[in-house]
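So for the sequence shown, numbering that gives the first Met the number 0 puts the first residue at 0; every next one is plus one.
C-beta atoms are modelled at their ideal positions from N, C-alpha and C, and glycine is treated no differently.
Predicted model, so just to flag it, every value in this text is computed and none were measured.
Have a look at the structure below, then the notes.
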Amino acid sequence: MRRVIALILPLCASVPRILAAQPGTPLPEADVRREERLFENTRDARYMEQNCVDTTFAGWDGFPVKRCTYSVRERGGGSKTATVVLLDATPRQLARWVVQACAEARRTTAAACTGKLRRRIIEQSGAQFPVAGIVLEDMEGDGTQNLFVFRDGVTVTVDGVSNGSAGPVTADVIRRSLTSPVVRTGKFARVASTTREEYRANGGTVDAGTSTNRKLAWLGVVRTLYQQAFRSDRNELLVAWLRAN
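Listed below in structure tokens is the structure:
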């Protein structure tokens with residue numbers, strides 16, 4: 000009997016704290032608080048959250064979207080100013096998404112899993128979700144801010160705006176970024192840069208194309224899933240990314 004117990008104990012020690020994320024199962028509060036604190040400590044990554052006011056945007060009725068006018072510094076001491084519509088989750092909401100995703104995809108809520116997903120979110124988006132408008136990013140780390148048009152958390156192409164441009168952000172560029180029809184879509188969905196392939200591999204049913212055949216339906220998928228996530232503990236695109244990575 001002693002030998003049997005001795006063999007069982009090491010196995011028990013390796014069992015994750017959560018074996019499966021069942022619907023309605025409360026998330027472990029200690030893990031949620033840990034991740035909430037760490038997301039709070041990275042708020043400086045949310046550089047677009049400047050001069051924000053309540054607004055509305057087509058397709059996002061009933062959600063607390065914000066129109067933000069933000070500035071970023073460039074090399075040589077200059078700066079650029081752009082406008083973006085955001086729907087950013089709170090650190091508490093982000094924490095619950097991360098803990099739930101780990102419980103569902105990896106059957107654990109340990110820091111090794113939640114930390115990986117949290118870092119991915121911060122690195123890829125700063126935990127910011129651009130509903131529409133311009134995202135300025137220093138892509139090369141050389142102090143040059145390049146502009147990219149976003150809709151529904153995805154980089155898109157619209158007529159009259161050159162994505163990746165280092166040129167000035169004019170009033171016409173801002174207007175087009177918010178109102179012009181989308182011509183093409185990018186590959187990744189914020190907040191963790193989930194791909195269409197990862198979405199489909201996780202059970203997604205909408206034909207949104209592939210990373211090389213990028214159908215516009217991807218925008219509707221990302222919009223719907225983010226809106227569902229915003230009012231729940233589950234973000235399907237985070238679960239999909241975690242299962243694939």
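Worksheet item: Does any residue of chain C bring its CB to less than 9 Å from the CB of A216?
Response: Protein chain content of the structure displayed is limited to a single chain, and chain C is not contained in it.
Practice prompt. Grab me the residues of E35's own chain with a C-beta within less than 7 Å of its C-beta, minus the 5 sequence neighbours each way, in chain order.
Written response: P90, R91 and A94
Worksheet entry | DSSP three-state assignment for R189, whether helix, strand or coil | coil
Item to complete: Could you tell me the distance, in whole angstroms, from the CA atom of Y225 to the CA atom of A111?
Response: 25 Å
Worksheet item: Should V190 be labelled buried (16 or more other beta-carbon atoms within 10 Å of its own) or exposed?
Response: buried
Fill in: Selected residue, minimal CA-CA separation from L40, among S176, R117 and R72
It is Asn, not Leu, that sits at residue 40 in the sequence shown. Comparing Cα positions, the closest option is R117.
Worksheet item: When the distance is taken between beta carbons, is T193 closer than 9 Å to L237?
Response: yes
Practice prompt. List the DSSP bridge partners of I133.
Written response: V148
Practice prompt. Can you check DSSP and say which residues form a bridge with L85?
Written response: K65 and P129
Worksheet item: Residues in its own chain within less than 8 Å of R74 by CB, not counting five upstream and five downstream?
Response: D141, G142 and T143
Worksheet item: Can you pull the DSSP bridge partners for C252?
Response: Since the first and last residues shown for the chain are 0 and 244, residue 252 lies out of range.
Discussion item. Need the endpoints of the beta strand (DSSP E) that T143 sits in, please.
Written reply: No beta strand (DSSP E) contains T143, which DSSP labels as neither H nor E.
Worksheet item: Where S164 and G219 are concerned, what is the direct C-alpha to C-alpha distance, given to the nearest angstrom?
Response: 26 Å
Item to complete: Report yes if the CB atom of R233 is closer than 9 Å to the CB atom of Q99, and no otherwise.
Response: yes
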